[in-house]
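J.: One rule links them: number in our numbering = place in the sequence shown (from 1) + 3.
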Amino acid sequence: MTDRRSAREILALVADDFAELPHPVRESTPDGPLAWQGYDASRARAADRTGESESVVCGTATVGGTRAVLIAFEFGFLGGSLGERTGDRLESAYTYARDHRLPVVPLIATGGSRMQEGMIALTQLQRVARQSALTREAGLPQIAVLRDPTTGGGWATLGAGADVILALPGAQVGFAGSRVRPPDADPTAYTAEAQVTAGAADAIVEPGELRATLGSWLRLLTTPWEGQPPVPAAPGLPTPGRQDPTPAADPADLPVPAHEATQHTPTAREDTPPTLDATAPPAAGREAVEHASTNLPTTGRESPSAAQGATDLPVPAHEATQHTPTARENAPTSGADDPPSAERKAAPHTSIDLPPTGQKGPSPTHGTTDLPAPAHEAVQHTSTAREDTPPTLGATNTPAAGRKAVEHTSTNLPTTGQKGPSPTHGTTDLPAPTARENAPTPGADNPPPTERKAAPHASIDLPTTGQEGPSPTLDATGPPAPPHEAVPDTSAGPPVTGWEAVQRARDPRRARAERYLDNYFTHRLAISGDRCGGTDAGMLCGFGERAGRAVAFAAQAGTATRPAGYRTAARLIRLADRLGVPVLTLVDTPGAANDAEAEREGAGAAIADLFGAVASARVPVTTLLIGEGGSGGALALAAPGNTWATPDSYFSVIAPELATAILKRPPAETERTADQLRVRPEDLAELGVIRTEAV
4 MTDRRSAREI LALVADDFAE LPHPVRESTP DGPLAWQGYD ASRARAADRT
54 GESESVVCGT ATVGGTRAVL IAFEFGFLGG SLGERTGDRL ESAYTYARDH
104 RLPVVPLIAT GGSRMQEGMI ALTQLQRVAR QSALTREAGL PQIAVLRDPT
154 TGGGWATLGA GADVILALPG AQVGFAGSRV RPPDADPTAY TAEAQVTAGA
204 ADAIVEPGEL RATLGSWLRL LTTPWEGQPP VPAAPGLPTP GRQDPTPAAD
254 PADLPVPAHE ATQHTPTARE DTPPTLDATA PPAAGREAVE HASTNLPTTG
304 RESPSAAQGA TDLPVPAHEA TQHTPTAREN APTSGADDPP SAERKAAPHT
354 SIDLPPTGQK GPSPTHGTTD LPAPAHEAVQ HTSTAREDTP PTLGATNTPA
404 AGRKAVEHTS TNLPTTGQKG PSPTHGTTDL PAPTARENAP TPGADNPPPT
454 ERKAAPHASI DLPTTGQEGP SPTLDATGPP APPHEAVPDT SAGPPVTGWE
504 AVQRARDPRR ARAERYLDNY FTHRLAISGD RCGGTDAGML CGFGERAGRA
554 VAFAAQAGTA TRPAGYRTAA RLIRLADRLG VPVLTLVDTP GAANDAEAER
604 EGAGAAIADL FGAVASARVP VTTLLIGEGG SGGALALAAP GNTWATPDSY
654 FSVIAPELAT AILKRPPAET ERTADQLRVR PEDLAELGVI RTEAV
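1. Classify Trp647 as helix, strand or coil using the three-state DSSP reduction.
2. Can you give me the Cβ contacts of Gly536 inside the same chain, cut-off strictly under 7 Å, excluding the 5 residues immediately before and after it?
3. Answer yes if the segment 531-548 comes into contact with the segment 616-628, meaning at least three C-beta pairs across the two stretches below 8 Å, and no otherwise.
4. Just list the beta strand (DSSP E) runs in the segment 33-67, keeping only unbroken ones of 3 residues or longer that don't cross its boundaries, in chain order.
5. Tell me which residues share the same chain as Ile693 and place their Cβ nearer than 8 Å to its Cβ, disregarding the 5 neighbours each side in the sequence.
6. Let me know the beta strand (DSSP E) ranges lying completely inside the segment 581-631, each 3 residues or longer, listed in chain order.
7. Measure the alpha-carbon distance for Ala192 versus Gly551 and round it to whole angstroms.
8. Quick check on Ser135: does DSSP put it in helix, strand or coil?
9. Assuming contact is defined by CB atoms lying nearer than 9 Å, are Ala163 and Ala608 in contact in what I supplied?
10. Where Gly633 and Val656 are concerned, what is the direct C-alpha to C-alpha distance, given to the nearest angstrom?
11. Since I believe Gln145 is in contact with Ala165 (beta carbons under 8 Å), could you give me their beta-carbon distance rounded to a whole number of angstroms?
12. Please list, in chain order, all residues of the same chain as Glu23 whose beta carbon is under 6 Å from its beta carbon, the five residues on each side excluded.
13. Would DSSP call Val656 helix, strand or coil?
14. Go to Thr154, then tell me how far its alpha helix (DSSP H) extends in each direction, as first and last residue.
15. Assign Arg507 to buried or exposed, taking buried as 16 or more other Cβ atoms, counted over all protein chains shown, within 10 Å of its Cβ.
16. Would you check if the distance between the CB atom of Val108 and the CB atom of Val59 is smaller than 9 Å?
17. Using alpha carbons as the reference points, say which of Asp189, Glu604, Trp39 and Ala195 lies closest to Glu120.
18. On a CA-only basis, which of Pro659, Ala563, Leu578 and Asp580 is nearest Ala595? Give me that one, please.
19. Can you tell me where the beta strand (DSSP E) holding Pro534 begins and where it ends?
20. With a floor of 4 residues, list each alpha helix (DSSP H) that falls wholly inside the segment 80-104, ordered by position along the chain.
21. On the criterion of 16 or more Cβ atoms from any shown chain inside 10 Å, does Val66 qualify as buried, or is it exposed?
22. Quick one: measure Cβ to Cβ for Ala572 and Leu613, integer angstroms, because I've assumed they're closer than 8 Å.
23. DSSP has Ser116 in a bridge; who is on the other side?
24. Between the segment 82-91 and the segment 126-135, are three or more C-beta pairs nearer than 8 Å?
25. Let me know if Pro227 comes out buried or exposed under the rule of 16 or more other beta-carbons within 10 Å of its beta-carbon.
26. Between the Cα of Thr69 and the Cα atoms of Ala206, Leu223 and Thr113, which residue gives the shortest distance?
27. Rounded to whole angstroms, how far is the Cβ of Arg512 from the Cβ of Gly541, which I believe are closer than 8 Å?
28. For Ala195, tell me which candidate among Gly173, Glu212 and Arg184 has the shortest Cα-Cα distance.
29. Glu548 bridges to which residues according to DSSP?
30. Cβ of Ala49 within 9 Å of Cβ of Gly79?
31. Would you say Val682 touches the ligand FMN, meaning its beta carbon is less than 8 Å from a heavy atom?
32. Taking only three categories from DSSP, how would you classify Thr194?
33. Can you give me the start and stop residues for the beta strand (DSSP E) that Ile74 sits inside?
34. Taking the alpha-carbon positions, what's the Arg8 to Ala204 distance?
35. What do you get for Ser219, buried or exposed, if any count of 16 or more other CB atoms within 10 angstroms of its CB means buried?
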C-alpha cells in the first residue's frame, strides 16, 4: 500500500517546525483562462475537501537542525496538478529561498499539469525550470522527495531536476501517468524502485526514516568548509538571488515551411564569440529598451481552478507544460532586490536571416555596422498541411486575442511553389508584410538567469517552402528584404476549429523539420548522440551556416521524442551557449515517448535536463512550432517568451483524444474537446503562449 499522506501530514513527518510563506494573490476570471465550465466549482470543492486553497503548501522549516524552504504538494487538491496559481506559489518560494540562501525541498505528489487551464498550465513547467536553474546557479541545493504519484511535468522538472532525489517505497514515478501510457506497458517500470534501479533517483527511504535522512543530506550540502562560504556561481554565470529583466524583443523570420515562419535569430557574436567572464558574458540577455518582451501568462495572469485534477498527464502528448511566462515578463521577478555581483556587457551580435523553405540562391550577409532596425510589424506564420496552397493569417484573420500589431497585422508569405527573386527594400520602401515582419527574435524573450546587456541585433528572414530565387538581401538602411511578393493563396485560411488545427498538423503532406533546415542553411553539419549510449533519429541537432554566421539547431522530426533525443538537444544547447552561438529550435512531436523502455532510459531526467538547458541559456534561443506540440515533450524544446507558430500547428496540454477519454466523453466528443482546450495558433496567441508581433 503506497503512502498517500496529505501536504500537512508529510510536513509534520519531516519538519521540526513549519511556517507557511505568504503567497501571491491573483484575480481569477470565471472558470479560468479557458473559461472551462465547472472549473471554479471543482476548485471550490477541492478546497472544502482538503482545507487548502491550492495544490501546494510552501513555507520555511527546520529539518534535522537545518533551515530550508519546503514545498509540499496536496494530491487531494485536483490531483496535485500544476496550474497558474501553483506556479505563482512555486516561484515565490524559490525566490524566497534564494533571497535568504536556503536549500529547497520539494515533497512531490502530482499527476501533472491542470487540464482545465490548458497551455497556461503547461507553461508553468518552463517557469519552474527557470526557478530551479536560478537556484542551482545561486549555489543552493535542491533535494526532492518523490511521493505517490509523481508523474508528468512535476517529475520532469521539480523531481528529476533536483540535485538529490529520494523516493518513498512503492510510489508511482514516471513521465507518463497511468492514463496516458501504453496499455501493455510494464507497470513496474513506472515505480520509485525502477527509477532508482535505472539511476534516475538516488534512494528509497522509508517514511519513518525520511526526517533523519533529509536532515543528513541538508547538513552535508549546506555546511561549507571553515572560512570558505558557499560559491554563489561560476564566473560568467548569473549572480545568485536575482532575476533578470525582460530582454528586448525583436521580430525575425522563422522557417515557414510550405507555410512560413519568420524567426529572429540573433547570433550571440559578431565576429568574435563573447567570453564567459565577469565583464563579458554571452550575448543572450538584452535590455528591455526599444522592444518590450511578449507577456506570456506568467505571474500576472489569473489562473482558474480546475474542474478536474491532474490527469497523470506526462509532459508529452500527455503532460501539461508550455510557454509559461517566466519570472520576467509581467511575472514577479525573483531576487529583484539582490544586485548582481558585477555589471556585465555582452559582446555585440547580429541576427540571422532565415530564407523560406525551398529558396535557392546566396544568403544575405551583413556586418556589425549594417544591422537593420528590428522589425516592428506583426508577423504571422503561414504554413499549411497542404504544400501547394498554404494558408495565410492575413489582416482579416488575426488571432482572436485582439493583440495590437505595430504597423502590419497581416503576413503575406509566399505560397509553396512560388518562384522568382525576392525583392529588396530599405527602411522607407517596405513592401507588404511578409513571413519576416514580426518574425521572432531568438532569445529575445528568453533572458538568461542574470541581468545582461547585449548589443542590438537584426531580424531573420525565412522564405517559404518551395520558393525559388535569390535570398533576400540586407542593406545598411533597412531590414532584410521580404521573400517573393506574390500574394499567397488564402483560400484555406487559418484553422477554424481546434480539431482542424490538429488534423492539419498531423497531415503527412505538411513540410517537416528537415525541409526547413535544408532550405534555411547554406550548409549544415549534425551532431549525434547523447554521450550516454543513446541516439534518436527524431531529434535533428547540429550547426548550420546562414549569411556567413553559425546558428545551432535542434529540431523534432514529428516522432515521439526518446530520452536520447532530449539529452542530445540539451548537449547542443549547452555547447552553443558556451561558444556564443544562437539557437533555433523547431517543435514537432506528438509527445515524449511514454513506453516502459523510455522510462528505463531516464525520460524524466532527460526532459528535465533539456528544460534546464533552455532556461539557463545565455545566448538567444528562438522556437518555431511547425506541427504538433504534444504537451511537455514538445514544451521542453520551446523558448519561454520567444516561441512562434505556423498555421499548420497546434500546442496542447494533452492530446484531444486522451482528454476526451479522461473526461469520460464518447469519442465523438473529441472535436469539441479540442476546441475547449484552445489549441489553435490563434488561441495560443490570445493566451500569450506564442508571439505574434514585435512591440
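Glycine included, C-beta positions come from ideal geometry on N, C-alpha and C.
T.: Reading it off the structure:
1. Taking the sequence shown and counting its residues from 1, the one referred to as residue 647 is at position 644. Trp647: strand per DSSP, three-state reduction.
2. Here residue 536 is taken as the residue at index 533 of the sequence shown, counted from 1. Within the same chain, Gly536 has no close Cβ partners at all.
3. no
4. 59-66
5. The residue labelled residue 693 in the question sits at position 690 within the sequence shown. Contacts found: His326, Leu628, Thr646, Trp647, Ala648, Phe654, Pro684 and Leu687.
6. 586-592
7. Taking the first residue of the sequence shown as position 1, residue 192 is located at position 189. Taking the first residue of the sequence shown as position 1, residue 551 is located at position 548. C-alpha separation (whole angstroms): 48 Å.
8. Position 132 of the sequence shown, counting from 1, holds the residue named residue 135. Three-state DSSP puts Ser135 in a helix.
9. The sequence position of residue 163 within the sequence shown is 160, counting from 1. The sequence position of residue 608 within the sequence shown is 605, counting from 1. A contact, by the Cβ cut-off of 9 Å.
10. Sequence index remark: in the sequence shown, residue 633 carries index 630 (1-based). Sequence index remark: in the sequence shown, residue 656 carries index 653 (1-based). Spanning the two alpha carbons is a distance of roughly 7 Å.
11. What you label residue 165 is simply residue 162 of the sequence shown in a count that begins at 1. What you label residue 145 is simply residue 142 of the sequence shown in a count that begins at 1. Confirmed, Cβ separation roughly 4 Å.
12. In the sequence shown, the residue the question calls residue 23 occupies position 20. Taken in chain order, the residues that qualify are Gly62.
13. Along the sequence shown, read from residue 1 onward, the residue named residue 656 stands at position 653. If DSSP states are grouped into helix, strand and coil, Val656 belongs with coil.
14. Within the sequence shown, residue 154 is the residue found at index 151, counting from 1. Not the alpha helix (DSSP H): Thr154 falls in the beta strand (DSSP E), residues Ile146 to Thr154.
15. Locating residue 507 in the sequence shown gives position 504, where the first residue counts as 1. Result: buried.
16. Position 105 of the sequence shown, counting from 1, holds the residue named residue 108. Position 56 of the sequence shown, counting from 1, holds the residue named residue 59. No. Outside cutoff.
17. Mapped onto the sequence shown, residue 120 falls at position 117. With distances taken between Cα atoms, Glu120 lies closest to Trp39.
18. By 1-based counting over the sequence shown, the position of residue 595 is 592. Per the Cα distances, Ala563.
19. Mapped onto the sequence shown, residue 534 falls at position 531. The question names Pro, but residue 534 is Arg in the sequence shown. It is not in any beta strand (DSSP E) - Arg534 carries neither H nor E in the DSSP assignment.
20. 87-102
21. The sequence position of residue 66 within the sequence shown is 63, counting from 1. Flag for Val66 reads buried.
22. Residue mapping note: residue 572 aligns to position 569 of the sequence shown, counting from 1. Residue mapping note: residue 613 aligns to position 610 of the sequence shown, counting from 1. Yes, Ala572 and Leu613 are in contact; Cβ-Cβ is about 5 Å, under 8 Å.
23. Numbered from its first residue, the sequence shown carries residue 116 at position 113. DSSP lists Leu85 as partners of Ser116.
24. yes
25. The residue labelled residue 227 in the question sits at position 224 within the sequence shown. Label assigned to Pro227: exposed.
26. As a position in the sequence shown, residue 69 is number 66, starting the count at 1. Thr69 has its Cα closest to that of Leu223, out of Ala206, Leu223 and Thr113.
27. Locating residue 512 in the sequence shown gives position 509, counting from the first residue. Locating residue 541 in the sequence shown gives position 538, counting from the first residue. That pair is no contact at about 19 Å.
28. To locate residue 195, count along the sequence shown from 1; it is residue 192. Of Gly173, Glu212 and Arg184, the residue nearest in Cα terms is Gly173.
29. On the sequence shown, position 545 is the one that residue 548 refers to. DSSP output for Glu548 lists His526 and Ala553 as bridge partner(s).
30. Locating residue 49 in the sequence shown gives position 46, where the first residue counts as 1. Locating residue 79 in the sequence shown gives position 76, where the first residue counts as 1. The answer is yes: Cβ separation under 9 Å.
31. Here there are no bound small molecules, and the ligand FMN is not part of this structure.
32. Residue mapping note: residue 194 aligns to position 191 of the sequence shown, counting from 1. Three-state DSSP puts Thr194 in a strand.
33. Counted from its first residue, the sequence shown places residue 74 at position 71. Start and end: Thr69 to Phe76.
34. Here residue 8 corresponds to residue number 5 of the sequence shown, with the count starting at 1. Here residue 204 corresponds to residue number 201 of the sequence shown, with the count starting at 1. Each residue's Cα considered, the two are about 21 Å apart.
35. Sequence index remark: in the sequence shown, residue 219 carries index 216 (1-based). It is exposed - the Cβ of Ser219 has fewer than 16 other Cβ atoms within 10 Å.
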